[in-house]
Amino acid sequence: MNVMSAARLEELCLALRRREIPCDDDLVSAIEADVVAYERDPTPQLPPDDVAELLPLMGWLMYEATWASLNRIPNRFKEVGGDAEVAARVNHERVLRVTNAARRLPWSEFAPRALGAFRALALAESKEDTLESFDRARVVHAEARNRHADHLTYHRERTSPQLASIELHLDEILLQLELAETGTACRIAERVIDRWAEEFAADSEDADRPRREERVQLIFSDLLEGVARGEQALVAAKRVAKHKFVDEPTKERLAQHLSFVNPGIMTARAALLVLGLYPEMQRLGYFPLGDDDSWDDSRKNLCARFDKAYQYVERPVTNSKGEPRELRDDLKLAVVQIRLAAALLMPGRRLPSSLTFAPCLSHEVLDDAAVEAMSAWLTETIVDRHGRETQRSTFRGFGGAIMPNFFDGVEACRAAFGGAPGYRAWRARWFILDKYADEPGRAERVSAIAGRPVSRGRPT
Numbered sequence: 040m041n042v043m044s045a046a047r048l049e050e051l052c053l054a055l056r057r058r059e060i061p062c063d064d065d066l067v068s069a070i071e072a073d074v075v076a077y078e079r080d081p082t083p084q085l086p087p088d089d090v091a092e093l094l095p096l097m098g099w100l101m102y103e104a105t106w107a108s109l110n111r112i113p114n115r116f117k118e119v120g121g122d123a124e125v126a127a128r129v130n131h132e133r134v135l136r137v138t139n140a141a142r143r144l145p146w147s148e149f150a151p152r153a154l155g156a157f158r159a160l161a162l163a164e165s166k167e168d169t170l171e172s173f174d175r176a177r178v179v180h181a182e183a184r185n186r187h188a189d190h191l192t193y194h195r196e197r198t199s200p201q202l203a204s205i206e207l208h209l210d211e212i213l214l215q216l217e218l219a220e221t222g223t224a225c226r227i228a229e230r231v232i233d234r235w236a237e238e239f240a241a242d243s244e245d246a247d248r249p250r251r252e253e254r255v256q257l258i259f260s261d262l263l264e265g266v267a268r269g270e271q272a273l274v275a276a277k278r279v280a281k282h283k284f285v286d287e288p289t290k291e292r293l294a295q296h297l298s299f300v301n302p303g304i305m306t307a308r309a310a311l312l313v314l315g316l317y318p319e320m321q322r323l324g325y326f327p328l329g330d331d332d333s334w335d336d337s338r339k340n341l342c343a344r345f346d347k348a349y350q351y352v353e354r355p356v357t358n359s360k361g362e363p364r365e366l367r368d369d370l371k372l373a374v375v376q377i378r379l380a381a382a383l384l385m386p387g388r389r390l391p392s393s394l395t396f397a398p399c400l401s402h403e404v405l406d407d408a409a410v411e412a413m414s415a416w417l418t419e420t421i422v423d424r425h426g427r428e429t430q431r432s433t434f435r436g437f438g439g440a441i442m443p444n445f446f447d448g449v450e451a452c453r454a455a456f457g458g459a460p461g462y463r464a465w466r467a468r469w470f471i472l473d474k475y476a477d478e479p480g481r482a483e484r485v486s487a488i489a490g491r492p493v494s495r496g497r498p499t
């Protein structure tokens, strides 16, 4: 059997992880060829010895190859145009090819990390940032979830001596799958909230009311599922933590020290979006969530779920030597955005932080002063890695909303927590946080919904 050796597979995995090599067509073709070479006719119940050693490493290679290609696909790549869009589509095709190889991989139950290819494909679809692409992402997420369940059942039914090790590997990949699914639910909702006026621009309010209400119901349901998926990721992280996290992935272990922070952030993000939308579901006549007796109970329970998820964000992160490890820049942005959204929804809430990377985190009480400090920090001018001056961040969802009933929902949530109206005024004042602020007509559309002119620049 002429295939890549175990040593070669591991070498490629580490090189991709360290960004020493890209995932190119030659690598994808090699993966496809090896998968074909692994196949046997007839297929025995267990992998032959010459394949058994290679399967976990091939699964890892599929994981790393698709992730490397995914990182070369920009968000909203259809709008980029030119060579950048062509390159994005090439990398999307590579992710798809490797995922198809993972679908064909014999004895895939022994290559759990191959499920990472499905995660990458779902995220690649979501990067197109259209409702159609998000629908495709949902399908791939469901496929990954079902395959994971099948793999776990396969090994538990056989009660193999390696079951504990296999369950650990499956938990490590489950953490990634659930996290990605929660992220997609958030991005779908934020896309609808941010593009509402443009999507329904040609429709009259009365003529298209059913479609609008159906869209709200869909994203609300997605977000609730996203919160649950994020919570399951945190449960998986707890199981993995018993074996300790690692500084860098190896063939033995995958989960790193930020394994609580990432799902904590994403679960909290989803819970806040649900809080912003629940008043609309109540207005439409839907029953409270689960076994709750009232929507007020649902609001309190959602708040408790947010609190629980956010606790994981604040957990100290250390490496294997016990040394403090700083959050990545993208996670820092996410923390401030979460706290800002919480302040907009639950004014006056106390949310202490042990993090010190930004002065605005010193505001333990999420009052108006905290809102202004966090908004200002997000819009500060920084120098990016290319040496260009740019705004630190935009803010999807709460900072880019153009959905009238979301404005109403946030204001209603503020009132339920004892706060005064203020979201519309904040949205107009900090229009600079809108991801689509530069689009022609965007300021006028936001102004019409906010009921006041928007500030074109950074408030002083």
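Read in this note's numbering, the sequence shown has 406 at position 367, and its numbers run on one by one without any break. Even glycine gets a Cβ: it sits at the ideal position worked out from N, Cα and C. Small disclaimer: the values here were computed from a predicted structure and weren't measured.
Using the C-alpha atoms, what's the distance from Ala467 back to Cys342? What you label residue 342 is simply residue 303 of the sequence shown in a count that begins at 1. What you label residue 467 is simply residue 428 of the sequence shown in a count that begins at 1. Their Cα atoms are separated by approximately 26 Å.
Using a threshold of 8 Å, state whether the C-beta atoms of Ile421 and Thr433 are closer than that. One-based indexing of the sequence shown puts residue 421 at position 382. One-based indexing of the sequence shown puts residue 433 at position 394. In this structure, Thr433 does not lie closer than 8 Å to Ile421 by Cβ.
In or out: Glu291 buried (at least 16 other Cβ within 10 Å) or exposed? Start at 1 with the first residue of the sequence shown, and residue 291 comes out as number 252. Answer is exposed; the Cβ neighbour count stays below 16.
Would you give the residue range spanned by the beta strand (DSSP E) that Glu291 belongs to? What you label residue 291 is simply residue 252 of the sequence shown in a count that begins at 1. Run containing Glu291: none; DSSP gives neither H nor E here.
Count the other CB atoms within 10 Å of the CB of Lys339; is the residue buried (16 or more) or exposed (fewer)? As a first step, residue 339 is located in the sequence shown; it is residue number 300 there, counting from the start. Exposed.
Based on Cα-Cα distance, which residue from Arg111, Arg143, Ala141 and Val137 lies nearest to Arg128? Numbered from 1 along the sequence shown, position 89 holds the residue referred to as residue 128. Checking every option, the nearest Cα to that of Arg128 belongs to Arg111.
Please confirm whether Arg484 and Ala183 have their CB atoms less than 8 Å apart. For the purposes of this step, residue 484 is taken as residue 445 along the sequence shown, with counting starting at 1. For the purposes of this step, residue 183 is taken as residue 144 along the sequence shown, with counting starting at 1. Cβ distance not < 8 Å, so Arg484 and Ala183 don't count as in contact.
Taking the alpha-carbon of Ser414 as reference, which of Asp330, Leu263, Ala397 and Gly222 has the nearest alpha-carbon? The residue given as residue 414 occupies position 375 in the sequence shown. Per the Cα distances, Ala397.
To the nearest angstrom, report how far apart Asp89 and Phe157 are at their CA atoms. Start at 1 with the first residue of the sequence shown, and residue 89 comes out as number 50. Start at 1 with the first residue of the sequence shown, and residue 157 comes out as number 118. When rounded, the distance between both Cα atoms is 26 Å.
Which whole runs of the alpha helix (DSSP H) in the region 297–363 are 4 residues long or more, in chain order? Listed in chain order, they are 300–322 and 334–352.
Do Trp99 and Cys52 have their beta-carbon atoms positioned less than 8 Å apart in this structure? Residue mapping note: residue 52 aligns to position 13 of the sequence shown, counting from 1. Residue mapping note: residue 99 aligns to position 60 of the sequence shown, counting from 1. In contact: Cys52 and Trp99 (Cβ atoms closer than 8 Å).
Between the alpha carbons of Ala487 and Leu323, how many angstroms are there, rounded? Start at 1 with the first residue of the sequence shown, and residue 487 comes out as number 448. Start at 1 with the first residue of the sequence shown, and residue 323 comes out as number 284. Linking Ala487 to Leu323 through their CA atoms gives a straight-line distance of about 23 Å.
From Gly448 to Gly315, what distance separates their C-alpha atoms? For the purposes of this step, residue 448 is taken as the residue at position 409 of the sequence shown. For the purposes of this step, residue 315 is taken as the residue at position 276 of the sequence shown. Rounded to the nearest angstrom, the two C-alpha atoms are 5 Å apart.
Determine the direct distance from the alpha carbon of Ala46 to that of Leu170, and round the result to whole angstroms. Here residue 170 is taken as the residue at index 131 of the sequence shown, counted from 1. Here residue 46 is taken as the residue at index 7 of the sequence shown, counted from 1. If I take the Cα positions, the gap works out to 42 Å.
Give the DSSP-derived three-state secondary structure of Thr221 in the structure shown. Start at 1 with the first residue of the sequence shown, and residue 221 comes out as number 182. The answer is helix: DSSP assigns Thr221 an H, G or I state.
With 16 as the cutoff for other CB atoms within 10 Å, does Lys166 come out buried or exposed? As a position in the sequence shown, residue 166 is number 127, starting the count at 1. Classification for Lys166: buried.
Does the distance from the CB of Gly439 to the CB of Asp477 come in under 8 Å? Residue mapping note: residue 439 aligns to position 400 of the sequence shown, counting from 1. Residue mapping note: residue 477 aligns to position 438 of the sequence shown, counting from 1. The Cβ-Cβ distance between Gly439 and Asp477 does not fall below 8 Å.
Relative to the C-alpha of Ala140, which residue among Glu78, Pro86, Ser392 and Asn358 is closest? Translated into the one-based positions of the sequence shown, residue 140 becomes position 101. Here the closest residue by C-alpha is Glu78.
Within 10 angstroms of its Cβ, does Pro318 collect 16 or more other Cβ (buried), or is it exposed? Position 279 of the sequence shown, counted from the first residue, corresponds to residue 318. Looking at its Cβ environment, which holds 16 or more other Cβ atoms inside 10 Å, Pro318 is buried.
Here's the rule: buried if 16 or more other CB atoms are within 10 angstroms of the residue's CB, otherwise exposed. What is Phe326? On the sequence shown, position 287 is the one that residue 326 refers to. It counts as exposed.
Return the Cβ separation of His187 and Ile212 in integer angstroms, given the expectation that the two are a contact with Cβ distance under 8 Å. Working through the sequence shown from its first residue, we reach residue 187 at position 148. Working through the sequence shown from its first residue, we reach residue 212 at position 173. That pair is a contact at about 7 Å.
Return the bridge partner residues of Arg388 from the DSSP annotation. The residue labelled residue 388 in the question sits at position 349 within the sequence shown. Looking at the DSSP assignment, Arg388 forms a beta bridge with Leu405.
Are the region 384–393 and the region 356–368 touching, with three or more C-beta to C-beta distances below 8 Å? Touching, no, given that fewer than three Cβ pairs across the two stretches are closer than 8 Å.
Taking Met101 and Ile70 to be in contact with their CB atoms under 8 Å, please state how far apart those CB atoms are, rounded to whole angstroms. Here the question's residue 101 lines up with position 62 in the sequence shown. Here the question's residue 70 lines up with position 31 in the sequence shown. 7 Å between Cβ atoms; contact.
DSSP three-state label for Thr420, please. Mapped onto the sequence shown, residue 420 falls at position 381. The answer is strand: DSSP assigns Thr420 an E or B state.
Counting Cβ pairs, one atom from each stretch, are 3 or more of them under 8 Å apart for the region 211–226 and the region 302–309? yes
Looking at C-alpha atoms only, which residue of Asp174, Ala309, Glu164 and Pro355 is the closest neighbour of Asp346? The sequence position of residue 346 within the sequence shown is 307, counting from 1. Of the candidates Asp174, Ala309, Glu164 and Pro355, the residue whose Cα lies closest to the Cα of Asp346 is Ala309.
Asp174 to Gln215 span [Cα, whole Å]: Within the sequence shown, numbered from 1, the residue matching residue 174 stands at position 135. Within the sequence shown, numbered from 1, the residue matching residue 215 stands at position 176. Whole-angstrom Cα-Cα distance: 20 Å.
Ile500 versus Phe470, Gly457, Phe446 and Thr499, residue with shortest Cα-Cα distance: With the chain covering 40 to 499 only, the question about residue 500 has no answer from this structure.
Less than 8 Å between the C-beta atoms of Glu419 and Arg431, yes or no? Position 380 of the sequence shown, counted from the first residue, corresponds to residue 419. Position 392 of the sequence shown, counted from the first residue, corresponds to residue 431. Closer than 8 Å, so yes.
With which residues is Thr499 paired in a DSSP beta bridge? To locate residue 499, count along the sequence shown from 1; it is residue 460. Paired residue(s): none; Thr499 is not in a bridge.
Pairs of beta-carbons, one from the region 190–206 and one from the region 279–287, closer than 8 Å: are there three or more? no
For Glu428, the first and last residue of its enclosing beta strand (DSSP E): Locating residue 428 in the sequence shown gives position 389, counting from the first residue. Residues Glu428 to Gln430.
Would you mind working out which of Pro151, Trp146, Gly155 and Phe149 sits nearest Val137, comparing C-alpha positions? Stepping through the sequence shown from its first residue, residue 137 is reached at position 98. Nearest option by C-alpha distance: Gly155.
Cβ atoms of Val300 and Tyr351: under 8 Å apart, would you say? Here the question's residue 351 lines up with position 312 in the sequence shown. Here the question's residue 300 lines up with position 261 in the sequence shown. The answer is yes: Cβ separation under 8 Å.
Between the Cα of Val74 and the Cα atoms of Ala54, Arg56, Leu96 and Arg57, which residue gives the shortest distance? Taking the sequence shown and counting its residues from 1, the one referred to as residue 74 is at position 35. It is Leu96 whose Cα lies nearest to the Cα of Val74.
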